[in-house]
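The structure appears below as structure tokens.
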Amino acid sequence: MKKKLNRVLFSGLSLSLLFLLTGCVSRDSSGNPTGTIWHILGEPMAKLIQYFANNVGLGFGLAIILVTIIVRCIILPLGLYQSWKASYQSEKMVYLKPIFEPINERMRNATTQEEKLAAQTELMAAQKENGINMLGGMGCLPLLVQMPFFSAMYFAAQYTQGVSESTFLGIDLGTRSIPLTAVIAVLYFFQSWLSMQGVAEEQRAAMKGTMYVMPLMMVFFGMSMPASVLLYWLVGGFFSIIQQLITMFIIKPRLRKKIAVEFEKNPPKTYKSKARKDVTPAANNAQLSNKPKKSNRNAGKQRKRK
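Residue numbers (the UniProt record's numbering): 1 to 306.
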């Protein structure tokens, strides 16, 4: 049940992100992009694409790739900060696993709903006592700041004048491209696989199905998008992989050292279970039955003396 819930939540989050990708920029009655985000971010991006394509002579394909790289480099620090916050909480969980494991074991072996709820309550209390806050690691603000850039670039790649009539490596940028869609699906699958490598074995097993969600969604949406947008997604996929590699090989090792120092100064607190002992009549009777009975060996002698 928990695995299914994780998959549903992840799928819902991914769908929400893709819808948000196009939601920051509004459209007019003709379907063209408009609104504050478009005028502040989208139009400058579109003009930059035209500059690289026409004035520099790179063509619209390379121009979209170059502008996407510039935009992603600008917002990369926000993405890394978001990864840092999420990794900090997850690495603390890994460090404190010996403390949480007995409670998790009780949760796994619970035979009734009451026992399971009691173990879950104890786990949350133990996490709170040791400064674990999973919600604090979500980092929603950096994501919200990045969304207008993603949305503006999406529309700039699609609606910049001249893009739909141009080609790149023999690919018509104004129509769909199955090869580009396939490459994007592979990229996002690899990025999902990378993100699972730093996760604990049990969590990895529970999240295994989520590896296929993003690639399948990219295929689903990519089949209806022009190749110009797919180029933008392609560069975005490479940047997601770069961000994941930075997280794995730079951010997480530093966080592990930081967490080790923190817990050296303030050792982890072992949570004391408040679970009550079994005082049911059956248990009491079992205890009484185990008590040694008094011997009646001298009872006959006592009767003779009377």
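Quick reminder that beta carbons are idealized off the backbone N, C-alpha and C, glycines included.
Using only the alpha-carbon positions, how far apart do residue i and residue j sit?
{"i": "Ile99", "j": "Met93", "result": "10 Å"}
{"i": "Asn32", "j": "Gln120", "result": "51 Å"}
{"i": "Ile40", "j": "Val229", "result": "20 Å"}
{"i": "Thr68", "j": "Gly236", "result": "8 Å"}
{"i": "Val279", "j": "Ile250", "result": "Legend: pLDDT at Val279 = 45, less than 50; position of this residue unreliable, no value from coordinates given."}
{"i": "Glu122", "j": "Leu180", "result": "49 Å"}
{"i": "Leu96", "j": "Phe190", "result": "29 Å"}
{"i": "Ser192", "j": "Met248", "result": "13 Å"}
{"i": "Ile259", "j": "Lys116", "result": "30 Å"}
{"i": "Glu101", "j": "Gln127", "result": "12 Å"}
{"i": "Val183", "j": "Pro226", "result": "15 Å"}
{"i": "Ala86", "j": "Ile132", "result": "11 Å"}
{"i": "Ala53", "j": "Gly209", "result": "41 Å"}
{"i": "Met223", "j": "Asn266", "result": "53 Å"}
{"i": "Ile241", "j": "Val71", "result": "16 Å"}
{"i": "Met124", "j": "Pro215", "result": "33 Å"}
{"i": "Met196", "j": "Asn55", "result": "44 Å"}
{"i": "Arg276", "j": "Gln244", "result": "Low confidence applies here, because Arg276 scores a pLDDT of 48, under 50, leaving its location unreliable and the question unanswered by this model."}
{"i": "Ser36", "j": "Phe263", "result": "At residue 36 the sequence reads Thr, which differs from the Ser that was named. Looking at the two C-alpha atoms, the distance is approximately 47 Å."}
{"i": "Met147", "j": "Met211", "result": "22 Å"}
{"i": "Glu114", "j": "Leu66", "result": "57 Å"}
{"i": "Ile246", "j": "Gly59", "result": "31 Å"}
{"i": "Asn104", "j": "Tyr51", "result": "58 Å"}
{"i": "Thr112", "j": "Met207", "result": "25 Å"}
In this structure, how does DSSP classify residue i when only helix, strand and coil are distinguished?
{"i": "Ile40", "result": "helix"}
{"i": "Ser166", "result": "coil"}
{"i": "Ile132", "result": "coil"}
{"i": "Arg27", "result": "strand"}
{"i": "Asn284", "result": "Annotation note: pLDDT 47 at Asn284 (below 50); position unreliable, no value reported."}
{"i": "Thr34", "result": "strand"}
{"i": "Pro267", "result": "coil"}
Drop a sphere of 10 angstroms on the beta-carbon of residue i, count the other beta-carbons inside from all chains shown, and report buried for 16 or more, exposed for fewer.
{"i": "Gly170", "result": "exposed"}
{"i": "Trp84", "result": "buried"}
{"i": "Asn130", "result": "buried"}
{"i": "Thr270", "result": "exposed"}
{"i": "Trp233", "result": "buried"}
{"i": "Gln89", "result": "buried"}
{"i": "Lys252", "result": "buried"}
{"i": "Tyr159", "result": "buried"}
{"i": "Asn284", "result": "Residue placement at Asn284 cannot be trusted, given a pLDDT of 47 that sits under 50; what the coordinates show is reported in the next sentence. Exposed is the call here."}
{"i": "residue 311", "result": "Residue 311 lies beyond the stretch modelled for the chain, which goes from 1 to 306, so this question has no answer here."}
{"i": "Ile178", "result": "exposed"}
{"i": "Val163", "result": "buried"}
{"i": "Ser30", "result": "exposed"}
{"i": "Gln74", "result": "Here residue 74 is Ile; the residue named in the question, Gln, does not match the sequence. With fewer than 16 Cβ atoms within 10 Å of its Cβ, Ile74 is classed as exposed."}
{"i": "Thr175", "result": "exposed"}
Looking only at its chain, what residues have a beta carbon closer than 8 Å to the beta carbon of residue i, apart from the 5 residues adjacent to it on each side?
{"i": "Thr34", "result": "Val25, Ser26, Arg27, Asp28"}
{"i": "Val261", "result": "none"}
{"i": "Gln161", "result": "Ala46, Gln50"}
Apart from the five residues just before and just after residue i, which ones in its own chain have a Cβ nearer than 7 Å to its Cβ?
{"i": "Ile64", "result": "Ile49, Ala157, Ser228, Leu231, Tyr232"}
{"i": "Glu91", "result": "Lys252, Leu255, Arg256, Ile259"}
{"i": "Trp38", "result": "Val25, Ala152, Phe155"}
{"i": "residue 307", "result": "In the structure as shown, the chain starts at 1 and stops at 306, and residue 307 therefore has no counterpart that could be examined."}
{"i": "Pro268", "result": "Leu96, Ile99, Asn130"}
{"i": "Gln145", "result": "The displayed chain sequence assigns Val, not Gln, to residue 145. So the list reads Leu78, once near-sequence residues are dropped."}
Spatial neighbours of residue i within its chain, please: C-beta separation below 6 Å, excluding the five flanking residues on both sides.
{"i": "Met218", "result": "Ile184, Ala185, Tyr188"}
{"i": "Gly61", "result": "Phe168"}
{"i": "Leu194", "result": "Gln244"}
{"i": "Pro142", "result": "Leu78, Tyr81, Gln82"}
{"i": "Ser166", "result": "Phe60, Leu173"}
{"i": "Phe239", "result": "Arg72"}
Compute the minimum distance between the beta carbon of residue i and the heavy atoms of the ligand MG, and state whether it is under 8 Å.
{"i": "Tyr188", "result": "With respect to the ligand MG, the structure offers nothing, as it holds no ligand at all."}
#### Entry: Inter-stretch contact at 8 Å, needing at least 3 Cβ pairs: the stretch 99 to 119 / the stretch 74 to 84
no
### Query
Pairing CB atoms from the stretch 42 to 59 with CB atoms from the stretch 153 to 170, are three or more of them under 8 Å?
yes
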